[in-house]
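Asks: What the sequence shown shows, in numbering that gives the first Met the number 0, is residues 0 to 159, in sequence order. Glycine included, C-beta positions come from ideal geometry on N, C-alpha and C. No experiment lies behind these values; they were computed from the predicted model shown. Before I ask anything, let me first share the structure, which is written out below as structure tokens.
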Amino acid sequence: MKNLTIIRHGKAGYELGLSDKQRILNSRGIDNSILVAKKYLPYLKPEYQIVSSSANRAFMTAEIFARIFEVSEDKIVKNNNLYTFDGDELAEIIKQTDNNVTNLLIFGHNDGITDFVNKFGDLSIDNVPTSGLVSINFETNNWANIKNGHIIKTIFPNEQ
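Structure (structure tokens):
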């Protein structure tokens, strides 16, 4: 069994002169990321790998989760290819994960995340919001063979 937990970066601001990759979380993005990470903590599976887009807002979100999980931030793997907004590209990146990894946490971007969870999960989700989290189990031992997963958990910041 493989477990993928996919998290959309927190809300980010727009500042004149910054490229899209340089954008950073605003206060709402920080607060919501803390909230979701704390809600997810009881469900966190042991022995997981954290991989983040290299964009500042995604990496900052991953850092917040790592602090809540009491994991050293240097354990976060940056993957430049996760700076994508396409669900099929995201799927190909996930399928390349080392099979020694059973539990994978990915921090990335929409529309790719919403597209991915709708193609590979068993629930229809209109939009994974900023700081939103979706956890999917796959009945396979090989990341390259993931398909038809079962969504076991969603945590969105505005849920009660």
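To the nearest angstrom, how far is it from the Cα of E158 to the Cα of N98?
Replies: Roughly 33 Å between the two C-alpha positions.
Asks: Beta-carbon within less than 8 Å of I33's beta-carbon, same chain only, minus the 5 sequence neighbours each way: which residues are those?
Replies: Cβ within range, chain order: I63 and I67.
Asks: Should V76 be labelled buried (16 or more other beta-carbon atoms within 10 Å of its own) or exposed?
Replies: Exposed, because fewer than 16 other Cβ atoms sit within 10 Å of the Cβ of V76.
Asks: Looking only at DSSP bridge pairs, what is L104 linked to?
Replies: Looking at the DSSP assignment, L104 forms a beta bridge with T4 and I49.
Asks: Who pairs with S134 in a beta bridge, going by DSSP?
Replies: According to DSSP, which records beta bridges pairwise, S134 is partnered with T4 and K152.
Asks: Tell me the start and end of each unbroken beta strand (DSSP E) in the region 11 to 62 that is at least 3 residues and wholly inside, in chain order.
Replies: 47 to 52, all fully within the region 11 to 62.
Asks: Quick test of your reading: G107 and L89, contact by CB under 8 Å. State the CB separation rounded to the nearest angstrom.
Replies: The pair is a contact, with the Cβ atoms about 7 Å apart (cut-off 8 Å).
Asks: Quick check on the burial criterion: 16 or more other C-beta atoms within 10 angstroms. Buried or exposed for N2?
Replies: N2 is buried by the Cβ-count criterion.
Asks: DSSP has I75 in a bridge; who is on the other side?
Replies: According to DSSP, which records beta bridges pairwise, I75 is partnered with I49.
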